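All you need for the numbering used here is the position in the sequence shown, starting with 1, plus 25.
Glycine residues also receive a C-beta, built at the ideal position from the N, C-alpha and C atoms.
Quick caveat, the model's predicted, so the values are computed rather than measured.
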Amino acid sequence: MKTKYYFLILLFTCLIFNCKKGYQDKFGPFYVLNDSIVYMDGDMGIRVDNQFEKLIESYPNVKKIIMEDCPGSRNDEELFKAAILMRQNNINTHLPNYGKIQSGAVDFYLSGVVRTLDTGAKIGVHAWSAGSNSATDYPVGHYEHNMYLDFYESIGFSSQEAEDLYFFIINSASPSDIYWMTDQEILDYNFVTP
């Protein structure tokens with residue numbers, strides 16, 4: 026009887042905490058709707074690369090990630106690992122009209138093979154920081170920028186597009202602020218694929 030009772034408590038807990046909005050599974054900020062569609066909602070914590078890898082192992086047929094309210098990431102290197110894995114698995118990203126992505130979540134969105142968004146979606150960018158230093162503390166050509174420029178090139182941007190995008194992002198707002206991109210800027214910097 027005790028085993029059955031504990032099983033019911035465990036099942037109820039899983040339903041409440043893992044299956045938000047009726048989703049069938051959860052890996053960090055990733056909520057599995059079905060074998061091919063995943064919703065992303067929330068902050069990408071320090072294990073986002075491991076969480077995304079487990080998602081892909083469990084659901085290898087994922088084709089689209091719909092990003093809802095994603096404020097960013099806590100570790101850019103782990104974020105980039107997850108984003109590159111998404112790209113390698115030919116997964117598309119979509120931002121619905123109520124969607125809002127900021128900071129590192131923008132980089133994750135940009136890793137989608139096909140990137141779409143609905144009118145009303147919001148994209149917020151700013152300079153990164155490491156301790157008391159900001160991206161804009163380093164001159165153009167400094168090695169501190171290389172990880173970001175290399176990342177943008179690895180997800181399909183040309184060298185010139187990567188530089189234009191990166192320096193637009195870091196000069197748009199300080200690390201403690203957010204700049205909400207205009208519709209024209211979203212088009213100019215290739216946030217939507219043709």
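Nearest-angstrom beta carbon gap, residue j and residue i [assumed within contact, 8 Å]
i    : j    : result
S159 : S199 : 7 Å
I203 : G149 : 4 Å
D74  : A107 : 5 Å
Contact check, residue i vs residue j, beta carbons under 7 Å
i    : j    : result
S83  : R112 : no
V57  : R140 : no
Y168 : L190 : no
Pairwise C-alpha distance: residue j and residue i
i    : j    : result
N115 : I90  : 11 Å
F176 : Q49  : 32 Å
S201 : I194 : 13 Å
M206 : F182 : 19 Å
V87  : D68  : 20 Å
T38  : P96  : The pLDDT assigned to T38 is 47, lower than 50, so where the model puts this residue is not dependable, and the model offers no usable value.
K147 : S197 : 15 Å
P121 : I180 : 22 Å
R72  : S128 : 17 Å
P219 : L80  : 28 Å
Residues bridged to residue i (per DSSP)
i    : result
H119 : I91, T141
Q49  : According to DSSP, which records beta bridges pairwise, Q49 is partnered with nothing at all.
S98  : M69
Identity of the residue in the options nearest residue i by Cα
i    : options                : result
S154 : D208, Y173, S61, R72   : Y173
P85  : F176, V63, L190        : V63
S98  : R140, G70, G145, L120  : G70
G145 : I211, D68, S201        : I211
G166 : L142, A152, F192       : F192
N117 : Q127, S128, D68, S61   : S61
F133 : D143, L104, H151, A152 : L104
D143 : S128, E178, M92        : M92
V138 : H119, H151, S128, I126 : H119
E78  : D94, N100, D101, I109  : I109
I126 : P219, P164, P54, Q209  : P54
Residue i CB to nearest heavy atom of the ligand COA below 6 Å
i    : result
P219 : The ligand COA is not among the ligands present in this structure, which contains no ligands whatsoever.
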